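A short write-up of the structure that comes next.
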Amino acid sequence: MRVDILTLFPEMFESPLGHSILKRARENGLVDIVLTNIRDFTKDTFRKVDDKPYGGGPGMVMMPGPLFDCFEHVQKLSPEKGRAILLTPQGQKFDQKKALELSAEKRLILIAGRYEGLDERIRIGLDAEQISIGDYVLSGGELPAMVIIDSVVRLLPDALGDEDSSKDDSFSAGLLEYPQYTRPEVFRDMKVPDILLSGDHAKIAQWRRQQAIERTKKWRPDLLEDNNNKNERGEH
Ligand code: 9WO
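Numbered per numbering that gives the first Met the number 0, the sequence shown spans residues 0 to 235.
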């Protein structure tokens, strides 16, 4: 998979892309992540990427010119057209199902905006899909882009070692994670549940499933609603 990121702050990605699973996935050639600075596609001496909004109002708006030039340059960097995604609060809500869908793509082109917003012609002209990671407005699209990259890359085949298979990831089964424990067996009078010390793997799996269902009912009943609806619709 190739992921292109169009941003005014490429340096924001250096650290998260340089550690752990993402670092290993890049080193192993599972994913090629390419950062392009939108500001490099300005044509004026001040490298201007924003301007005042028509019609008045607060703040500045991201100009269409540099972003279009940047996008068209980036698109030519690879024969794969790629799936263009604009990170905005008005986008389709991102979830594990969307992450799985995106992980099957050969190329993603993520566009991270800044300032008060993007000139509407960017959304119209790029015909880009819009994705939101939640109902809040951030300072830019960079962190949402990073969230999407992290969740998608860990789903790529061989991205996780055997010890970290994504198949058990919470949400993969539409449920929250079961409780996890590690040494010591007793910590500040809190003991590890006996079932986990029993060595009976069938019973442990059953207990974990039950715990995941109980936690989902308690903290995220909406997930069970979604699951029931899917089952009723025959979706699995
Ligand atoms: C901001 C905005 C607010 C209300 C309705 C629509 C909106 N679109 C944008 C927008 O595209 N903003 C750009 C990116 C420029 C300002 C900072 N940006 C941003 C993206 N803030 N928050 C996000 C974001 C992206 C994905 N998921 C949650 C928030």
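Yeah, the Cβ is synthetic: ideal placement off N, Cα and C, and Gly gets one too.
Quick caveat, the model's predicted, so the values are computed rather than measured.
Name the DSSP bridge partner or partners of residue i?
{"i": "residue 36", "result": "6"}
{"i": "residue 128", "result": "84"}
{"i": "residue 136", "result": "Its beta-bridge partners do not exist; DSSP assigns none."}
{"i": "residue 190", "result": "185"}
{"i": "residue 92", "result": "131"}
{"i": "residue 106", "result": "1"}
{"i": "residue 117", "result": "61"}
{"i": "residue 238", "result": "Because the chain in this structure spans residues 0 to 235, residue 238 falls outside the shown range and cannot be described."}
{"i": "residue 31", "result": "1"}
Could you tell me whether the Cβ atoms of residue i and residue j are closer together than 9 Å?
{"i": "residue 130", "j": "residue 147", "result": "yes"}
{"i": "residue 149", "j": "residue 15", "result": "yes"}
{"i": "residue 5", "j": "residue 172", "result": "no"}
{"i": "residue 7", "j": "residue 113", "result": "yes"}
{"i": "residue 88", "j": "residue 134", "result": "yes"}
{"i": "residue 85", "j": "residue 137", "result": "no"}
{"i": "residue 40", "j": "residue 141", "result": "no"}
{"i": "residue 115", "j": "residue 60", "result": "yes"}
{"i": "residue 95", "j": "residue 170", "result": "yes"}
{"i": "residue 139", "j": "residue 106", "result": "no"}
Just to confirm my understanding: we take residue i, look at its own chain, exclude 5 residues before and 5 after, and list those with CB closer than 8 Å. What are they?
{"i": "residue 190", "result": "184"}
{"i": "residue 70", "result": "5, 83, 108, 110, 125"}
{"i": "residue 203", "result": "194, 195, 197"}
{"i": "residue 218", "result": "175"}
{"i": "residue 123", "result": "none"}
Could you name the residues of the same chain whose beta carbon sits closer than 7 Å to that of residue i, not counting the 5 residues immediately before and after it, in chain order?
{"i": "residue 73", "result": "3, 5, 35, 108"}
{"i": "residue 46", "result": "38"}
I'd like the list of long-range same chain contacts for residue i, defined as Cβ closer than 6 Å, with 5 residues on each side in sequence excluded.
{"i": "residue 31", "result": "1"}
{"i": "residue 132", "result": "93, 143, 146"}
{"i": "residue 83", "result": "108, 125, 127"}
{"i": "residue 104", "result": "82"}
{"i": "residue 18", "result": "none"}
{"i": "residue 68", "result": "40"}
{"i": "residue 235", "result": "Note that residue 235 scores 48 on pLDDT, short of 50, meaning its location in the model is unreliable; the coordinates nonetheless yield the value given after this. Same-chain partners within the cutoff: there are none."}
{"i": "residue 200", "result": "none"}
Q: Could you tell me whether the stretch 192-209 touches the stretch 60-67, using the rule of 3 or more Cβ pairs below 8 Å?
A: no
Q | Touch test, the stretch 48-55 against the stretch 16-26, Cβ-Cβ under 8 Å, three pairs minimum | A | no
Q) Quick check: the stretch 176-188 against the stretch 82-100, are there 3 or more CB pairs under 8 Å? A) no
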